[in-house]
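Participant:
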Amino acid sequence: MEGYSWLPVVLVCVFAGGWALGISTVTFVLAAELIPIQVKAQAGGILFSCNTFAFYGMEEGLGMAGTFWVYSFFSWSLTTTAIVALPETKAQSLRQIERKLTGKSHLYEMDKEIEKQDVQINCTAMGPILNESGGLPDTAKKASKEIALGEIQEGFEKVPAPKVFPTQEYLDSTQYTLSGILRYEFIFGRCFVSTGGVETTKEVVSRLNLKPGDHVLDIGCGLGGSAFFMASEYGAIVTGCLDLSENMLHLARQRMTEQPLQVRNRVSFRHGDILKVDFPEESFDFVYTRDAFIHIGLKEFAFGRIQEYIRCIKSAFGTVEAHDLSQMFLRTLSRELKYLQLRKKEFLRDFSAKDFNDLMTGWQSKIARVHIGDQSWGLFIATKSNH
Numbered sequence: 001m002e003g004y005s006w007l008p009v010v011l012v013c014v015f016a017g018g019w020a021l022g023i024s025t026v027t028f029v030l031a032a033e034l035i036p037i038q039v040k041a042q043a044g045g046i047l048f049s050c051n052t053f054a055f056y057g058m059e060e061g062l063g064m065a066g067t068f069w070v071y072s073f074f075s076w077s078l079t080t081t082a083i084v085a086l087p088e089t090k091a092q093s094l095r096q097i098e099r100k101l102t103g104k105s106h107l108y109e110m111d112k113e114i115e116k117q118d119v120q121i122n123c124t125a126m127g128p129i130l131n132e133s134g135g136l137p138d139t140a141k142k143a144s145k146e147i148a149l150g151e152i153q154e155g156f157e158k159v160p161a162p163k164v165f166p167t168q169e170y171l172d173s174t175q176y177t178l179s180g181i182l183r184y185e186f187i188f189g190r191c192f193v194s195t196g197g198v199e200t201t202k203e204v205v206s207r208l209n210l211k212p213g214d215h216v217l218d219i220g221c222g223l224g225g226s227a228f229f230m231a232s233e234y235g236a237i238v239t240g241c242l243d244l245s246e247n248m249l250h251l252a253r254q255r256m257t258e259q260p261l262q263v264r265n266r267v268s269f270r271h272g273d274i275l276k277v278d279f280p281e282e283s284f285d286f287v288y289t290r291d292a293f294i295h296i297g298l299k300e301f302a303f304g305r306i307q308e309y310i311r312c313i314k315s316a317f318g319t320v321e322a323h324d325l326s327q328m329f330l331r332t333l334s335r336e337l338k339y340l341q342l343r344k345k346e347f348l349r350d351f352s353a354k355d356f357n358d359l360m361t362g363w364q365s366k367i368a369r370v371h372i373g374d375q376s377w378g379l380f381i382a383t384k385s386n387h
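Heads up: the sequence shown runs through residues 1 to 387, numbered per the UniProt record's numbering.
1. Which residues mark the beginning and the end of the alpha helix (DSSP H) in which residue 288 is found?
2. Are there 16 or more other CB atoms within 10 angstroms of the CB of residue 171, so buried, or fewer, so exposed?
3. Going by DSSP, which residues form a beta bridge with residue 241?
4. What are the boundary residues of the alpha helix (DSSP H) that includes residue 234?
5. Could you check what DSSP says for residue 368 in three-state terms: helix, strand or coil?
6. Cutting at 8 angstroms between CB atoms, please list the residues of its own chain near residue 208, excluding the five before and the five after it.
7. Residue 237: which of 255, 214 and 254 sits nearest, CA to CA?
8. Examine the Cβ distances between the segment 317-333 and the segment 238-251 and report whether three or more of them are shorter than 8 angstroms.
9. In terms of residues, what are the limits of the alpha helix (DSSP H) holding residue 253?
10. In the DSSP assignment, what are the bridge partners of residue 324?
11. Considering residue 344, what are the terminal residues of the alpha helix (DSSP H) in which it resides?
12. So if DSSP puts residue 332 in a beta bridge, which residue, or which two residues, is it bridged to?
13. To the nearest angstrom, how far is the alpha carbon of residue 245 from that of residue 167?
14. From the DSSP secondary-structure annotation, give me the bridge partner or partners of residue 383.
15. Give me the residue from 228, 212 and 276 with the minimum Cα distance to residue 258.
16. Please state if the CB of residue 195 and the CB of residue 332 are separated by a distance shorter than 8 angstroms.
17. With distances taken from CA atoms, which of 302, 268 and 373 is nearest residue 276?
18. Could you tell me the distance, in whole angstroms, from the CA atom of residue 180 to the CA atom of residue 378?
19. Quick one, which of 243, 262, 221 and 253 has its alpha-carbon nearest residue 235's?
20. Excluding sequence positions up to five away, which residues of its chain have a Cβ less than 7 angstroms from the Cβ of residue 175?
21. Buried or exposed for residue 373, please, with buried defined as at least 16 other CB atoms from any protein chain shown within 10 angstroms of its CB.
22. Excluding the 5 residues preceding and the 5 following residue 341 in the sequence, name in chain order all residues of the same chain whose CB lies nearer than 8 angstroms to its CB.
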């Protein structure tokens with residue numbers, strides 16, 4: 001019996017060591033992209049030391065139990081190195097690792113609550129302006145449950161809105177450099193830098209009941225694609241093509257030279273921030289903004305400015321519609337990704353392989369986010385009454 005007295009201990013050691021090694025190795029592999037080279041080197045040193053002790057243990061007769069205990073030490077050290085040694089990215093690491101291991105992060109509900117709050121903030125901000133008799137809450141409630149803002153956020157994780165919002169200098173030196181704008185235009189189509197290009201513009205504008213001679217303010221007009229379309233197809237006068245990016249407006253004015261004379265006479269561009277620029281009161285029949293409101297920090301103030309600019313008798317909006325266009329968003333993203341793949345050679349004549357890979361990764365990430373419900377596309381239409 002004495003010869004078998006160590007068997008339970010050996011089995012426990014083997015089980016514990018193997019479990020620890022498996023879990024921590026998987027964790028380390030999943031976190032590999034987040035770990036700097038110095039940490040990887042440290043982990044390699046730990047592994048080398050453990051191998052040395054393990055072989056020594058085998059030679060000294062410690063057997064499998066001793067070997068697995070040594071690897072247990074390596075496993076837990078490796079896990080600590082991979083996670084704790086990354087103070088700036090620890091939360092992101094834990095979130096991504098946990099999602100991959102379990103399919104759902106314990107921070108997932110926090111992400112969804114932030115997304116819900118983003119929608120609710122915008123609906124609440126519109127409240128005093130949109131409604132005089134309490135008609136908004138049902139729409140706001142529906143939107144907060146079903147619809148995220150119709151704005152596209154490029155980062156993989158949904159994060160709270162920054163306290164300091166992009167300035168013209170920041171935008172023109174990062175996302176909207178001249179080269180960056182042209183890359184977007186390659187995918188979205190001539191004169192467009194927003195998802196779906198002219199097809200999405202047709203879908204959205206068709207709901208507005210535009211008439212010839214209607215005056216339109218386009219907030220975040222980009223390269224002018226939507227403005228050109230409204231002027232050409234509906235005879236609208238888009239005298240308020242407003243954008244914060246000087247690079248964007250520089251290219252937009254170039255694109256305007258390609259338009260027919262009647263379109264050029266109906267469209268004009270202006271550099272400015274909707275929070276600061278002044279237009280005469282009641283100078284527009286429609287205010288149109290697409291994929292731009294996410295850059296605006298003081299949304300309640302912005303809605304107030306918009307309310308002043310619209311030409312109607314009553315001050316409050318009579319109705320507010322909220323439409324979930326997420327499935328349309330998903331189809332559009334998939335089509336654009338396929339388009340980019342098919343035109344890779346053409347793209348590489350003007351841009352780098354890194355540019356191509358960055359765009360591919362960005363589109364694939366957006367598609368993944370839509371599939372799991374982390375990103376949505378919404379259309380909000382607020383109408384003022386003439387009665």
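Built from N, CA and C at the ideal position, the CB exists for glycine as well.
Facilitator: Answer, in terms of the structure:
1. Numbered from its first residue, the sequence shown carries residue 288 at position 288. Bounds of any alpha helix (DSSP H) do not take in residue 288; it lies within the beta strand (DSSP E) bounded by 286-289.
2. One-based indexing of the sequence shown puts residue 171 at position 171. By the 16-neighbour rule on beta-carbons within 10 angstroms, residue 171 is buried.
3. For this step, residue 241 is matched to residue 241 along the sequence shown. According to DSSP, which records beta bridges pairwise, residue 241 is partnered with 218 and 269.
4. In the sequence shown, counting from the first residue as 1, residue 234 sits at position 234. Run containing residue 234: 225-234, per the alpha helix (DSSP H) assignment.
5. On the sequence shown, residue 368 is found 368 positions in, with the first residue counted as 1. Here DSSP, grouped into helix, strand and coil, assigns residue 368 to helix.
6. Position 208 of the sequence shown, counted from the start, is the residue given in the question as residue 208. Here the set comprises 286, 288 and 381.
7. Walking along the sequence shown from the start, residue 237 turns up at place 237. Residue nearest to residue 237 within the set 255, 214 and 254 is 214 (criterion: CA-CA distance).
8. Judged by Cβ distances under 8 angstroms, the segment 317-333 makes no contact with the segment 238-251, as fewer than three pairs qualify.
9. On the sequence shown, position 253 is the one that residue 253 refers to. Per DSSP, the unbroken alpha helix (DSSP H) holding residue 253 starts and ends at 246-256.
10. What you label residue 324 is simply residue 324 of the sequence shown in a count that begins at 1. Paired residue(s): 378.
11. Residue mapping note: residue 344 aligns to position 344 of the sequence shown, counting from 1. 344-350 is the span of the alpha helix (DSSP H), which, as asked, contains residue 344.
12. Working through the sequence shown from its first residue, we reach residue 332 at position 332. According to DSSP, residue 332 bridges with nothing at all.
13. The residue you call residue 245 lines up with position 245 of the sequence shown. The residue you call residue 167 lines up with position 167 of the sequence shown. Looking at the two C-alpha atoms, the distance is approximately 9 angstroms.
14. As a position in the sequence shown, residue 383 is number 383, starting the count at 1. Here residue 383 is bridged, per DSSP, to 319.
15. Taking the first residue of the sequence shown as 1, we reach residue 258 at position 258. Residue 258 has its Cα closest to that of 228, out of 228, 212 and 276.
16. For the purposes of this step, residue 332 is identified with residue 332 of the sequence shown, where counting begins at 1. For the purposes of this step, residue 195 is identified with residue 195 of the sequence shown, where counting begins at 1. Contact annotation: residue 332 and residue 195 have beta-carbon atoms nearer than 8 angstroms.
17. Numbered from 1 along the sequence shown, position 276 holds the residue referred to as residue 276. Residue 302 is the option with its Cα nearest to residue 276.
18. Reading the sequence shown from its first residue, position 180 is the one you call residue 180. Reading the sequence shown from its first residue, position 378 is the one you call residue 378. Cα to Cα, residue 180 sits roughly 25 angstroms from residue 378.
19. Walking along the sequence shown from the start, residue 235 turns up at place 235. The residue with the shortest Cα to Cα distance from residue 235 is 262.
20. Residue 175 sits at position 175 when you count from the first residue of the sequence shown. Cβ neighbours of residue 175 beyond the five flanking positions: none.
21. In the sequence shown, residue 373 corresponds to position 373, counting from 1. By the neighbour-count definition (other C-beta atoms within 10 Å, threshold 16), residue 373 is an exposed residue.
22. Taking the sequence shown and counting its residues from 1, one reaches residue 341 at position 341. The residues are 360.
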